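J.: In UniProt numbering, the protein residues as written are 1 to 1260.
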């Protein structure tokens, strides 16, 4: 919060200084004194008298004591400390009067206040305005007075300098900005000053240091101002009359944000501290967006404008850079139209809801909720811009046209915009619109069925827009997701999909057949494997059984071997060894057992063989089984894929069919073949949808009309409380300087919501954006539009932003900049320390316009050259392409694209960019008579070609006020003439730019820097011309400037045609065009018809043009023979081909007759002495006939001495006879004798200003 406090204090202090530097004192209570009376006794006596008056008036006004009862002697005694305050209050004339502690404190302050103010000298205007040059804050002490502070009045200073230099005050303010700032700062550093006279002397010393000349302000004479050498004294400070319209606003904002510690609103937070969460425009998806309202349907908004209109609902802070001719006003109007439609839509949602009443103030709350949504404020410091848009809104848009018809003004067709502002504007609005509208509304009635008809029309139109955009979005999505680029491809794709589906169906059938076969095969294989498995099991059982039998036999065989012969014998007998007997009966012999084993082995071998066979068959079957299963799995996968493909293709087919139907829908209102090749922007802004949007805009206005008349009882009740008959706003809710509590703030919003129902847009200048009309309430309005914000001083936008929910800044930092009076250094050190260097730099009022702040505050940015930049309207629609080449390249980094191509038809010299080298002398008052006459000749040429009506299509722009005034007087108001500053916002088919500057004045660099140090002025000048831009000025001065002025001339050279008598004009020019060129470059008239030269020239060159070298040489020899006063020749080269014996004899003869002869030569290199440096001259300039050249130069030097001047580098070739006849062209007069076949041309010029320029140039 401390930083917020310091920022507001910075704004306030800057505004305070700005007021002091420009204020007048004619409204102050002052007394005039002579400078001799400026001493302690006079000042002390004056202060005592003023204290007595102030105390008396306070008692009369606050304690209601009759003036005749006031005892002034008693009051004097109190002021002189003869009696105390307590004694004063017991005096009879104050008996019965109650004095509170605050009263006593105030009376004491009146007594103890010894401050007073001195002003010297005084500038008095014929209309009564008084401006002091120097203002002093002083204080009386016991025996003396001291100066505590002082300030120089910048406006008075400019007036004095302008009068001294005989220049226009506006030009002085522009040209001497740096010197004025230096003077104000150096004056502020003066210390230990004891009196006014001493300070004045010190000030005049500082003045001479800063401006370079002495100022005796008592010798100053001006037609409007006079200087009075008198001292004025006052007990009222300058602050009491110098408060600007922004002072109270900033104080109130300080109370809200600092003293009341309210949170900083989002818009102001961005504005003060920049937006740290910006989004890139290219990252935002806007293709599916669409808006509902269009201001007009003749032509669509550009792609960028369309994006921005659709972007607005997504952001609360949007900044747009609008280069010249890119449709800033068109964009603002489109935003207004769309906002009105949204407002109507919201109103329709609550159409039948009841109005509620606040019984304490008898204020009715609309069903919209009293938040004043979709209200629009349009503001700027450029009164012309605001007026133009406001007038267009009420002229172009029918809204309550039945009411406006009664006003009998063809320029008023609606009340869409309330054009407010200063007291006079409010008075005019109240008398012309507001009061008559209330009377109209009182009697207004709705026609039968108009309500239903209006609502139905609105809904139907809205539905059509939504249907169109829904279908269009479907088409665009389809187009974006597919490679289909035409309807032919669409139909081919449909057929292809159908064929593919048919093929898939065949594949599915084949797949099902294969699946069935595989499943049958699987079943058979499974049966086989079961049988084989059972066989193997049986085989295993037999094998196991045989192995057991074999095992028993081996055991038996072993047991047999163990039976002894005795046991065998005894076993033969009964009842003896019965078990042995039984064993032997089973196995009678060893051979028998071996045979059994052999048999068992044979059986085992057989069983094993069978087993192996079964295993092999089972393995084979299992392998087959696995293959079949894999086949089935594969078939099932294929089936699934085919089914999925079928679904996708069927879905795609349905989409194709749907798109075909969509095309059928579009074909009703749009060329369906263009759908495929058109951009999203073109489709979203087709003629059909554009007409629908305009219709919906007008439906919305009609809807508002119906609603207002339907609810007129409540609306009239509220409107009566908005503006009273004495033009006061919200009298019933007046809150003084106190912040509004939420209850009263809500009621103000409610009243304004009613007002904005009837007047959807309010326009006002920022200078009139005051709390008396627009109370300092957060979120008082919805949308705040700043126009021409590049011209707005940054802090002017602060308090309006506090009142708004959303804002759009539209301007251009590359055109006219804000007017700043306060030198940066006055506050730089203090606020760099308080705010920190980074914050101070970003907020510095001297270097940042409101547009600069807003660019850093915007929620959205564009990226250019990998840097975050402002959003730029890049479609230029005013000028032909070449005219804007300078601006596009040097100012806008070639981002502009152009609607208008170059044409040559019906244009002077068949080109849209022309430059004429007019080398006249700039006067000290900053006008150039030669350029004025050249402009006159250009206009005359245009009138001759196109008739008088062409004048309305011509504008003449110049950087200097005096030049503009003289041109304006010359054309008697029939041609628009103005400075660059006054011409911003205007446009003409043809613009003539008069630069004024020459190459003679020691201040030329300062003047060229004023024009071309920045590109802004030239950018404005070029961009006013729709069809043709004509530069009139000194080419040499422009080229040598080495700034944007030289770039401008270079751009014309590259894109158009440049013509100069001091440079070669192409011989290829048609004769008619050549005559026009010569007519424009210089007027030719013979002032002395009896002169031999005049007689000869009439005979020799009747058309004032010389062709061919031989003719030139003949002319030269004749003219130097018959010249009567002077001969001046400028020729880069000298040779003996021309400077021969005959030539030298003529020159010698003329010198003897007293004729002044000067010759300037030298093509390149440095200036050298003819006599001592002849060899160097020859070496750097001559590569042929060196001996002949040396002979010619030395012969001339012998005759002319110092009047032969080596003056390189030079391309100029001229011959000046008797300071009256100037020949200038392509021929080197002292080198080319005419014997070669080179095409040469020269022109006769008798224009005095051109000749005077040549004289001064070579004298220099």
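C-beta atoms are modelled at their ideal positions from N, C-alpha and C, and glycine is treated no differently. Bear in mind that the values here come from a model prediction, so they are computed numbers and not experimental data.
#1: Determine the extent of the beta strand (DSSP E) in which residue 884 is found, giving its start and end residues.
#2: Could you say if the segment 548-568 and the segment 576-590 meet the contact criterion of at least three C-beta pairs nearer than 8 Å?
#3: Is it buried or exposed, residue 47, if we count other Cβ atoms within 10 angstroms and call 16 or more buried?
#4: From residue 1016 to residue 133, what does the alpha carbon distance come to, in whole angstroms?
#5: Count the CB pairs spanning the segment 773-790 and the segment 362-369 that are closer than 8 Å, and state whether there are at least three.
#6: Start and end of the alpha helix (DSSP H) containing residue 428?
#7: Report yes if the C-beta distance between residue 1134 and residue 1161 is below 8 Å; otherwise report no.
#8: Could you have a look at residue 56 and say whether DSSP puts it in helix, strand or coil?
#9: For residue 1123, which option in 1101, 1138, 1095 and 507 has the closest C-alpha, if you only look at C-alpha atoms?
#10: Would you decide whether residue 299 is buried or exposed? Buried here means 16 or more other CB atoms lie within 10 Å of its CB.
#11: May I ask you to verify whether the segment 1074-1084 touches the segment 1245-1254, counting CB pairs closer than 8 Å and requiring at least 3?
#12: In chain order, what residues of the same chain lie with their CB nearer than 8 Å to the CB of residue 825, ignoring the 5 residues before and after it?
#13: Going by alpha carbons, who is nearest to residue 177 out of 216, 88, 191 and 162?
#14: What number of angstroms, rounded off, separates the C-alpha of residue 481 from the C-alpha of residue 271?
#15: For residue 1070 and residue 1144, I'd like the C-alpha separation in whole angstroms.
#16: What residues in its chain sit with their C-beta under 6 Å from that of residue 861, if we drop five residues either side in the sequence?
#17: Are the beta-carbon atoms belonging to residue 980 and residue 924 less than 8 Å from one another?
#18: Should residue 328 be labelled buried (16 or more other beta-carbon atoms within 10 Å of its own) or exposed?
#19: Taking Cβ positions, are residue 863 and residue 912 nearer each other than 8 Å?
#20: Buried or exposed for residue 698, going by 16 or more other Cβ atoms inside 10 Å?
#21: With 16 other CB atoms within 10 Å as the buried threshold, where does residue 915 fall?
#22: Counting only runs of 3+ residues fully inside the segment 940-995, write out the beta strand (DSSP E) ranges in chain order.
#23: Take every Cβ of the segment 696-713, pair it with every Cβ of the segment 485-497, and state whether three or more of those distances are shorter than 8 Å.
#24: Name the two residues that bound the continuous beta strand (DSSP E) containing residue 744.
#25: Please report how far the alpha carbon of residue 638 lies from the alpha carbon of residue 484, in whole angstroms.
#26: Under 6 Å Cβ to Cβ from residue 797, same chain only, skipping five residues before and after it: list those, please.
#27: I'd like the ranges of any beta strand (DSSP E) spanning at least 3 consecutive residues and lying wholly in the segment 329-378.
#28: Quick one: is the Cβ of residue 913 within less than 7 Å of any heavy atom of the ligand NAD?
#29: Could you tell me the boundaries of the beta strand (DSSP E) in which residue 1225 lies?
#30: Can you name the start and end residues of the beta strand (DSSP E) that residue 1026 belongs to?
#31: Taking just the CA atoms, how far does residue 816 sit from residue 959?
#32: Just to confirm before moving on: does the CB-CB distance between residue 446 and residue 768 stay below 8 Å?
#33: Would you call residue 892 buried or exposed, if buried means 16 or more other Cβ atoms sit within 10 Å of its Cβ?
#34: Should the segment 1108-1125 be regarded as contacting the segment 942-954, the criterion being three or more beta carbon pairs within less than 8 Å?
#35: Just grab the DSSP bridge partners of residue 226 for me.
#36: Relative to the C-alpha of residue 244, which candidate in 330, 795 and 728 has its C-alpha closest?
T.: Considering the structure as presented:
#1: Per DSSP, residue 884 belongs to no beta strand (DSSP E) and is neither H nor E.
#2: The segment 548-568 vs the segment 576-590: in contact.
#3: Its Cβ being crowded by 16 or more others within 10 Å, residue 47 is buried.
#4: If you take the alpha carbons of residue 1016 and residue 133, they lie about 32 Å apart.
#5: No contact exists between the segment 773-790 and the segment 362-369.
#6: 423-429 is the span of the alpha helix (DSSP H), which, as asked, contains residue 428.
#7: By the CB criterion at 8 Å, residue 1134 and residue 1161 fall inside the cutoff.
#8: For residue 56, the three-state secondary structure derived from DSSP is helix.
#9: Ranking 1101, 1138, 1095 and 507 by Cα distance to residue 1123 puts 1095 first.
#10: Burial call: exposed.
#11: Counting C-beta pairs with one atom in each stretch, the segment 1074-1084 and the segment 1245-1254 have three or more that are closer than 8 Å, which means they touch.
#12: Here the set comprises 181 and 185.
#13: Nearest C-alpha to residue 177: 162.
#14: Their Cα atoms are separated by approximately 41 Å.
#15: Residue 1070 and residue 1144 have their alpha carbons spaced roughly 38 Å apart.
#16: So the qualifying residues of the chain are 278 and 868.
#17: Result no, Cβ atoms of residue 980 and residue 924 do not sit closer than 8 Å.
#18: Buried, since its Cβ has 16 or more Cβ neighbours within 10 Å.
#19: Not a contact, by the Cβ cut-off of 8 Å.
#20: Answer is buried; the Cβ neighbour count reaches 16.
#21: When all chains shown are included, residue 915 counts as buried.
#22: Scanning the segment 940-995 from its first residue to its last, the whole beta strand (DSSP E) runs of 3-plus residues come out as 954-958, 976-979 and 988-994.
#23: No, the segment 696-713 does not touch the segment 485-497.
#24: Per DSSP, residue 744 belongs to no beta strand (DSSP E); it is in the alpha helix (DSSP H), 742-758.
#25: Going by C-alpha positions, residue 638 is about 28 Å away from residue 484.
#26: The beta carbon of residue 797 is closer than 6 Å to those of 850 in its chain, skipping five residues each way along the sequence.
#27: Correct list: 356-358 and 363-365.
#28: Among the ligands in the structure shown, none appear at all, so the ligand NAD cannot be discussed.
#29: Start and end: 1221-1225.
#30: Per DSSP, residue 1026 belongs to the beta strand (DSSP E) from 1025-1033.
#31: Using only the alpha carbons, I get a separation of about 12 Å.
#32: Here residue 446 is not near residue 768, since their CB atoms are 8 Å or more apart.
#33: The C-beta of residue 892 has 16 or more other C-beta atoms within 10 Å across all chains shown, which makes the residue buried.
#34: Output reads no: the segment 942-954 does not touch the segment 1108-1125.
#35: Per DSSP, 124.
#36: Of 330, 795 and 728, the residue nearest in Cα terms is 795.
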